[in-house]
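Peer 1: My questions will all concern the structure given below.
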């Protein structure tokens, strides 16, 4: 092999290493950013009834934040915040009768689906 071929291979190797380093840094940065974003969401969820509802139906809030699409989480938070049945919700949460949530909770259908999928995943 001639010298220009060797130089080309060295340059190609260096470029490959630089790309790998750049991608690794981007992945780490994105992971940290996502983790911080989810922690902030958790803080916002804890002031809503959604936090208590997740616990009442047996969904771990950190698993919820990790597995559920962020758009869906924000939708759940908005529904909870704007809910007109907050007093009814508080009563059911206090009496541990959230099984009746379908009567008043705007997130009930989504949360039931999440509970079923979590149960299905734990049985496999």
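In the numbering used here, the protein residues as written are 4 to 127. Glycine included, C-beta positions come from ideal geometry on N, C-alpha and C. Since we're looking at a predicted model, the values are computed, not measured.
1) Inspect the beta-carbon positions of residue 110 and residue 83 and report whether they are closer than 8 angstroms.
2) Please list the terminal residues of the continuous alpha helix (DSSP H) segment that includes residue 34.
3) Can you find a CB in chain D that lies within less than 8 angstroms of the CB of residue 29?
4) Helix, strand or coil: which one does DSSP assign to residue 85?
5) With burial defined as no fewer than 16 other Cβ atoms inside 10 Å of the residue's Cβ, what is the status of residue 114: buried or exposed?
6) Alpha carbons only, please: which of 69, 15, 58, 64 is nearest the one belonging to residue 102?
7) Use the C-beta contact count for residue 29: other C-beta atoms within 10 angstroms, 16 or more gives buried, fewer gives exposed.
8) Any contact of the region 6-22 with the region 35-44, i.e. 3+ C-beta pairs under 8 angstroms?
9) How would you call residue 117, buried or exposed, if buried means at least 16 neighbouring beta carbons within 10 angstroms?
10) Where does residue 108 sit, in a helix, a strand or coil, going by DSSP?
11) What do you get for residue 31, buried or exposed, if any count of 16 or more other CB atoms within 10 angstroms of its CB means buried?
Peer 2: On the basis of the supplied data:
1) Position 107 of the chain shown, counted from the first residue, corresponds to residue 110. Position 80 of the chain shown, counted from the first residue, corresponds to residue 83. Closer than 8 angstroms, so yes.
2) Here residue 34 is taken as the residue at index 31 of the chain shown, counted from 1. 6-49 is the span of the alpha helix (DSSP H), which, as asked, contains residue 34.
3) Looking at the structure shown, chain D is missing, and only one protein chain is on hand.
4) Within the chain shown, residue 85 is the residue found at index 82, counting from 1. Three-state DSSP puts residue 85 in coil, outside helix and strand.
5) Here the question's residue 114 lines up with position 111 in the chain shown. It is buried - the Cβ of residue 114 has at least 16 other Cβ atoms within 10 Å.
6) In the chain shown, counting from the first residue as 1, residue 102 sits at position 99. Nearest of 69, 15, 58, 64 to residue 102, Cα basis: 58.
7) The residue you call residue 29 lines up with position 26 of the chain shown. Its Cβ having fewer than 16 others within 10 Å, residue 29 is exposed.
8) no
9) Here residue 117 refers to the residue found at position 114 when the chain shown is read from its first residue. Residue 117 should be labelled buried.
10) The residue given as residue 108 occupies position 105 in the chain shown. Three-state result, residue 108: coil.
11) Translated into positions along the chain shown, residue 31 becomes position 28. It is exposed - the Cβ of residue 31 has fewer than 16 other Cβ atoms within 10 Å.
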